[in-house]
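Q: Once you've had a glance at the structure underneath, I'll fire off some questions.
Number of protein chains: 2
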Amino acid sequence: MTERPGAGERRRRRQGARGDGTTIRQDNQAPFKQPHLMMPPAHYVSADAVEAIHTTSLTILKEIGVDFIHPEAREILIKAGADVDPDSDRVRFDPDMIMGAMATAPATFTLHARNPAHNLTIGGDALSFCAIASPPNCSDMDDGRRTGNHADYRKFLKLINHYNIIHQCGGYPVEPVDIHASIRHLVALQDMVTLTDKVPHAYSLGPERIRDGMEIVRIARGVSDAEFDREPSMMSIINTNSPLKLDTPMLGGIIELSRRNQLVVITPFTLSGAMAPITIAGALAQQNAEALAGMAFTQMVNPGAPVAYGGFTSNVDMKSGAPAFGTPEYMKAAIVGGQLARRYNVPYRSSNVCAANTVDAQAAYETVFSLWGAVTGGVNILMHGAGWLEGGLCASFEKFILDVELLQMVARFLEPLDVGDPALALDAVREVGPGGHFFGAAHTQERYRDAFYAPILSDWRNFESWRDAGKPETWQKANQVFKDVLASSEEPPMDPAIREELDAFVARRTEEGGAPTDF
Amino acid sequence: MTERPGAGERRRRRQGARGDGTTIRQDNQAPFKQPHLMMPPAHYVSADAVEAIHTTSLTILKEIGVDFIHPEAREILIKAGADVDPDSDRVRFDPDMIMGAMATAPATFTLHARNPAHNLTIGGDALSFCAIASPPNCSDMDDGRRTGNHADYRKFLKLINHYNIIHQCGGYPVEPVDIHASIRHLVALQDMVTLTDKVPHAYSLGPERIRDGMEIVRIARGVSDAEFDREPSMMSIINTNSPLKLDTPMLGGIIELSRRNQLVVITPFTLSGAMAPITIAGALAQQNAEALAGMAFTQMVNPGAPVAYGGFTSNVDMKSGAPAFGTPEYMKAAIVGGQLARRYNVPYRSSNVCAANTVDAQAAYETVFSLWGAVTGGVNILMHGAGWLEGGLCASFEKFILDVELLQMVARFLEPLDVGDPALALDAVREVGPGGHFFGAAHTQERYRDAFYAPILSDWRNFESWRDAGKPETWQKANQVFKDVLASSEEPPMDPAIREELDAFVARRTEEGGAPTDF
Chain A
503 MTERPGAGER
513 RRRRQGARGD
523 GTTIRQDNQA
533 PFKQPHLMMP
543 PAHYVSADAV
553 EAIHTTSLTI
563 LKEIGVDFIH
573 PEAREILIKA
583 GADVDPDSDR
593 VRFDPDMIMG
603 AMATAPATFT
613 LHARNPAHNL
623 TIGGDALSFC
633 AIASPPNCSD
643 MDDGRRTGNH
653 ADYRKFLKLI
663 NHYNIIHQCG
673 GYPVEPVDIH
683 ASIRHLVALQ
693 DMVTLTDKVP
703 HAYSLGPERI
713 RDGMEIVRIA
723 RGVSDAEFDR
733 EPSMMSIINT
743 NSPLKLDTPM
753 LGGIIELSRR
763 NQLVVITPFT
773 LSGAMAPITI
783 AGALAQQNAE
793 ALAGMAFTQM
803 VNPGAPVAYG
813 GFTSNVDMKS
823 GAPAFGTPEY
833 MKAAIVGGQL
843 ARRYNVPYRS
853 SNVCAANTVD
863 AQAAYETVFS
873 LWGAVTGGVN
883 ILMHGAGWLE
893 GGLCASFEKF
903 ILDVELLQMV
913 ARFLEPLDVG
923 DPALALDAVR
933 EVGPGGHFFG
943 AAHTQERYRD
953 AFYAPILSDW
963 RNFESWRDAG
973 KPETWQKANQ
983 VFKDVLASSE
993 EPPMDPAIRE
1003 ELDAFVARRT
1013 EEGGAPTDF
Chain B
503 MTERPGAGER
513 RRRRQGARGD
523 GTTIRQDNQA
533 PFKQPHLMMP
543 PAHYVSADAV
553 EAIHTTSLTI
563 LKEIGVDFIH
573 PEAREILIKA
583 GADVDPDSDR
593 VRFDPDMIMG
603 AMATAPATFT
613 LHARNPAHNL
623 TIGGDALSFC
633 AIASPPNCSD
643 MDDGRRTGNH
653 ADYRKFLKLI
663 NHYNIIHQCG
673 GYPVEPVDIH
683 ASIRHLVALQ
693 DMVTLTDKVP
703 HAYSLGPERI
713 RDGMEIVRIA
723 RGVSDAEFDR
733 EPSMMSIINT
743 NSPLKLDTPM
753 LGGIIELSRR
763 NQLVVITPFT
773 LSGAMAPITI
783 AGALAQQNAE
793 ALAGMAFTQM
803 VNPGAPVAYG
813 GFTSNVDMKS
823 GAPAFGTPEY
833 MKAAIVGGQL
843 ARRYNVPYRS
853 SNVCAANTVD
863 AQAAYETVFS
873 LWGAVTGGVN
883 ILMHGAGWLE
893 GGLCASFEKF
903 ILDVELLQMV
913 ARFLEPLDVG
923 DPALALDAVR
933 EVGPGGHFFG
943 AAHTQERYRD
953 AFYAPILSDW
963 RNFESWRDAG
973 KPETWQKANQ
983 VFKDVLASSE
993 EPPMDPAIRE
1003 ELDAFVARRT
1013 EEGGAPTDF
């Protein structure tokens, strides 16, 4: 025979079409559990190559330097012994000083959620998936694309809370632009800590906002200032202004967050060919220099403060300047980024990204290539795990569900293979023998319910049944799933006293006018 | 800043939309070249686990045995010392006998194409991509789905010949059902060796057909019988009738092909839960038993004959019996299959497959997950590399182009990263400095033309330009590309004398009535 299925196989497929085996099962999800890497991360380049990138980045920091646009940050750098140019923002670093600072960064730590069942191990072989963060627009296939707004923001938070495969919040799943900038952080974080009970994220946009953010998270957890400072309870993504620049809001955020022992993820925004060299090795050397400068600074602020190495290097279309994601170059950068993070023994952050404008084949292949690079690279924190379209300019409800499917598949792939004697099934093969069939075997019957990953979107019906069902495409099923979930989602419980304290704080800060908008 | 692009980035994207950087470039392909694995294949399970699967499969072969439905095959097995039951088709093997036979199988060898520039290294770290093989139907988005036919068969051969990323023919890209079965192999192979100059495939469907196939391939190469027997010049996929059965046409094919030193790929059709145990470890143990029986048999026919280990284990939907592909279980089986093939030091065959019914997100993510498993597993021969839909029941012209894009991306991903000093770009970073931009840098200008993979389908335009262009989806671009390629494709040159000999042979065998159809 050849690999064209025989009559028996075709018959089984027709039966399948009549069964409900391939109908949508939107709530067929496993319990909340962090996946763990069961294979060592890849060595895409040699140890010598990692050292060459490392050495180049140290030369960049020593000879060229990085602009730190923040007076207090420069004071801290001077105290730490950095070479701070009095006539500019330029700061240069001695290699030993960088490596000395990096030595105090923890390899692994716990992020504490207001629901302890959602505490996270960050680092080592543990993975944590975040949803999309920071897009200015959102879309669904019913109402199309629109500017980010409060109502859609809350819907995405409900999806984040619903799906166990989303382990933490990576930021605002869409920017609620219709909330005034002075109080947006108050309303948005109040929603984040009430509509979800997972580890939250606050943006570093000036000292007032990040302080408000930390206070909201502290109140939601119901812990004292001392406990909050002892137990990292939130994350903030710090992007450098590539090339080689850290701006005022970001540096202010590092100072506030690292002082209070909260997680900072230093992520250079090094698009190869635009804000970084056109060679991936060069872009990685610059990424590494910026990451080292930012990570070392967190340790100068507070030795031992939790920090992670963010890799976001991708390439642009050199004919248009359009950023690309999930490309071969992106995959290489994602994997080597992980090798570099492990060189410094800190957790590694990568992303689940694409450049597609709709939930078509391109969105899927660029996304899975991104996941391939991230997982092979030993990612610890996966940003933008669900919902990302348009290179980050749009959060899609259908893409969110598609990504949930993909993340669940990756998690299942990472579950170690059982090779114990019952799994080796010698008795079942004896029972069935040559020419038999395993459907009826006891070994099969004992295991068929959860032997395999059960998809929420994948359509395994044969062509005829699929055609008769109206030829549904993946995005159409995803559209139905997200609406079903939103219709049935429940708010996670919160102690009324905590809720009262939280509302009172937000009300007071709102009365006070929130935060300045001239940052 | 955060990862939402700044104004400058948005401006560049708008400019990009006006440029042609993201328009279709259907012939933007690299020269014919086999990719090579630049990372060691993964150890998804431990060496002990590989041994447990190996040992279980040897126990299956010794205690349960395999049915060999072919009198001459049983004669060969008796001569080789196998335990052949005189009252049935059952054959049992001593482990030492299996391993002794496997010891003569070559680890690597060359497949000779009629165009020597398309010769292939099979085994080691070399990869070879085949197009889809054997679907009974085909489709394109203009004319829909139809039964396989001669005209579409020839179109797919032209695509196979056109794209350098397709290294060999894996079989009929679609079954030309409208050619009478008695002469189909003659017409189809005549087309395959004239419309392409890559290594061909012939099916094992009785001795007459495979002998005709070998003669057509020999004539097309213009070599003597002795040269043909010295130089493997074609491939044939041998599927077992799982569980534990090798049928008459397949065994006849092995005997004919291995005697003449042509490549046989033994591929058990072990769908976990249907024709194999529901546990992946059990399905792999059975796959391994069937593969070892078939591979060892090739060495009993002709020690040193080229043979490959085919892994095709996947799972079925237990509610419907529908086969699934590109699932987490499929990925595990693909990677561990590679570990087993290397255990016996023979080339490994895997596939690029999906269960989707159309070229949507599901088709893309199941396919890239399959590629992830195959590449991580150290695949040497990738079957069904381009065009596969519906679990192998349909060849899609649009999926073919989508897969060409994906295979080209994988090949680019496997190109080692340049970490030499020029690539580390220290001077470029010096030149640009903090806050600058790399577009204008000399380092960029020298490299921008081919620094990054240039896609044939991926649309990197921003939303507005993509919307104004009519919101094209991936399959629509693929539809245009395959038609453009067919409109411009050229037949590879062939010596007129060889062409004459080929036509005369096919005419004579056709007059003789071709081959029996009662196999």
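First to last, the protein sequences are chains A and B.
Numbering-wise (the working numbering), the first sequence opens with residue 503 and increments by one.
Numbering-wise (the working numbering), the second sequence opens with residue 503 and increments by one.
We put the beta carbon where it would ideally sit given N, CA and C, even for glycine.
In this text the structure is predicted, and so the values were computed from the model without any measurement.
Roughly how many angstroms separate the alpha carbons of A:R932 and B:G775, rounded to a whole number?
A: A:R932 and B:G775: Cα-Cα distance of roughly 15 angstroms.
Q: Can you pull the chain A neighbours of B:V547, defined as C-beta to C-beta under 7 angstroms?
A: Ordered by position in chain A, the residues that pass the 7 angstroms Cβ test against B:V547 are L919, V921.
Q: Grab the span of the beta strand (DSSP E) containing B:A897 for me, first residue to last.
A: Segment 896 to 898, the beta strand (DSSP E) holding B:A897.
Q: Using only CA atoms, which one of B:T610, B:H545, B:A824, B:G812 lies nearest to B:I624?
A: B:I624 has its Cα closest to that of B:T610, out of B:T610, B:H545, B:A824, B:G812.
Q: Please work out which residues of its chain come closer than 8 angstroms, Cβ to Cβ, to B:R647, disregarding the five sequence neighbours upstream and downstream, and give them in chain order.
A: Hits under 8 angstroms: N639, C640, S641, C896.
Q: If you draw a straight line from the alpha carbon of B:A810 to that of B:M601, how long is it in whole angstroms?
A: Each residue's Cα considered, the two are about 15 angstroms apart.
Q: Who are the Cβ neighbours of A:P770 in its own chain at under 6 angstroms, not counting the five residues just before and after it?
A: Result list for A:P770: T742, S744, Q789, E792, A793, in chain order.
Q: Roughly how many angstroms separate the alpha carbons of A:E975 and B:D905, rounded to a whole number?
A: C-alpha separation (whole angstroms): 19 angstroms.
Q: I'd like to know if A:T946 contacts chain B, where contact means its C-beta is closer than 7 angstroms to some C-beta of that chain.
A: So yes, A:T946 belongs to the interface.
Q: Pop quiz: A:G813 and A:A857 are said to be a contact at Cβ under 8 angstroms. What is the actual Cβ separation, rounded to whole angstroms?
A: In fact, because the Cβ distance is near 17 angstroms, the residues do not count as touching under 8 angstroms.
Q: Let's see if you can read the secondary structure: which residues bound the beta strand (DSSP E) around A:T623?
A: That run of the beta strand (DSSP E) goes 622 to 624.
Q: Alpha carbons only, please: which of A:A582, A:P537, A:D680 is nearest the one belonging to A:M599?
A: Residue A:A582 is the option with its Cα nearest to A:M599.
Q: Could you give the residue range of the alpha helix (DSSP H) that holds B:T561?
A: It spans 549 to 561 - the alpha helix (DSSP H) in which B:T561 sits, taken as one unbroken run.
Q: Please report whether the beta-carbon of B:S960 lies at a distance below 7 angstroms from any beta-carbon of chain A.
A: Closer than 7 angstroms: yes.
Q: Examine chain A for any beta-carbon lying closer than 7 angstroms to the beta-carbon of B:I667, and answer yes or no.
A: B:I667 does not count as touching chain A.
Q: Can you give me the C-alpha to C-alpha distance between B:A532 and B:I667, rounded to a whole angstrom?
A: Cα-Cα distance, rounded: 8 angstroms.
Q: For chain B, find out if any of its Cβ atoms is closer than 7 angstroms to the Cβ of A:M541; answer yes or no.
A: Interface residue, yes.
Q: For B:R515, does the three-state DSSP call read helix, strand or coil?
A: Any reading at B:R515 needs caution, since the residue's pLDDT is 40, under 50, leaving its predicted position unreliable; the model's value is listed next. Helix at B:R515.
Q: Comparing C-alpha positions only, which one of B:Q692, B:K564, B:T698, B:A1009 sits nearest to B:A615?
A: Ranking the options by Cα distance to B:A615, first place goes to B:T698.
Q: Taking Cβ-Cβ distances shorter than 9 angstroms, what residues in chain A pair up with B:H939?
A: Correct list: P745, A776, M777.
Q: In the DSSP assignment, find the unbroken alpha helix (DSSP H) run with A:M752 in it and report its ends.
A: Segment 750 to 761, the alpha helix (DSSP H) holding A:M752.
Q: Is B:V695 helix, strand or coil by DSSP?
A: Three-state result, B:V695: helix.
Q: Is A:I634 helix, strand or coil when you go by DSSP?
A: Three-state DSSP puts A:I634 in coil, outside helix and strand.
Q: Could you tell me whether the Cβ of A:T829 comes closer than 7 angstroms to any Cβ of chain B?
A: It does: the Cβ of A:T829 has a partner Cβ on chain B nearer than 7 angstroms.
Q: Using a Cβ-Cβ distance under 7 angstroms, would A:F730 count as near chain B?
A: Output row for A:F730: interface = no.
Q: Is B:R527 close to chain A, meaning its C-beta is less than 7 angstroms from at least one C-beta of that chain?
A: Its pLDDT being 38, under 50, B:R527 is placed unreliably by the model, and the measurement read from it follows with that caveat. Closer than 7 angstroms: no.
Q: Is DSSP giving B:H682 helix, strand or coil here?
A: Of the three classes helix, strand and coil, the one that applies to B:H682 here is coil, per DSSP.
Q: For the beta strand (DSSP E) containing A:P770, list its first residue and its last residue.
A: Element bounds for A:P770: 765 to 770.
Q: For B:R594, name the three-state secondary structure that DSSP assigns.
A: In the structure shown, B:R594 sits in a strand (DSSP, three-state: E or B).
Q: Return the CA-CA distance between A:E900 and B:I740, expressed in angstroms with no decimal places.
A: Each residue's Cα considered, the two are about 42 angstroms apart.
Q: In its own chain, which residues sit with a C-beta less than 8 angstroms from the C-beta of A:G508, not counting the 5 before and 5 after it?
A: Low confidence applies to A:G508: its pLDDT is 45, below 50, so where it sits in the model is not reliable, and the reading given next is rough at best. Counting only Cβ-Cβ distances below 8 angstroms, and skipping sequence neighbours, we find nothing.
Q: Cα separation between A:S592 and A:P751?
A: Looking at the sequence shown, residue 592 of chain A is not Ser but Arg. Rounded to the nearest angstrom, the two C-alpha atoms are 17 angstroms apart.
Q: Looking only at its own chain, which residues have a Cβ that is under 6 angstroms from the Cβ of A:P702, when we skip the five neighbours before and after it?
A: Around A:P702: C671, M694, V695, V719, M736.
Q: Could you pull the DSSP bridge partners for A:V983 from this structure?
A: Partner(s): none; A:V983 has no beta bridge.
Q: Quick one: does A:G523 have its CB under 7 angstroms from some CB of chain B?
A: With a pLDDT of 34 at A:G523, under the threshold of 50, the modelled position of this residue cannot be trusted; read the value that follows with caution. Output row for A:G523: interface = yes.
Q: Locate the alpha helix (DSSP H) running through A:G784, then write down its first and last residues.
A: Here the alpha helix (DSSP H) through A:G784 covers 782 to 803.
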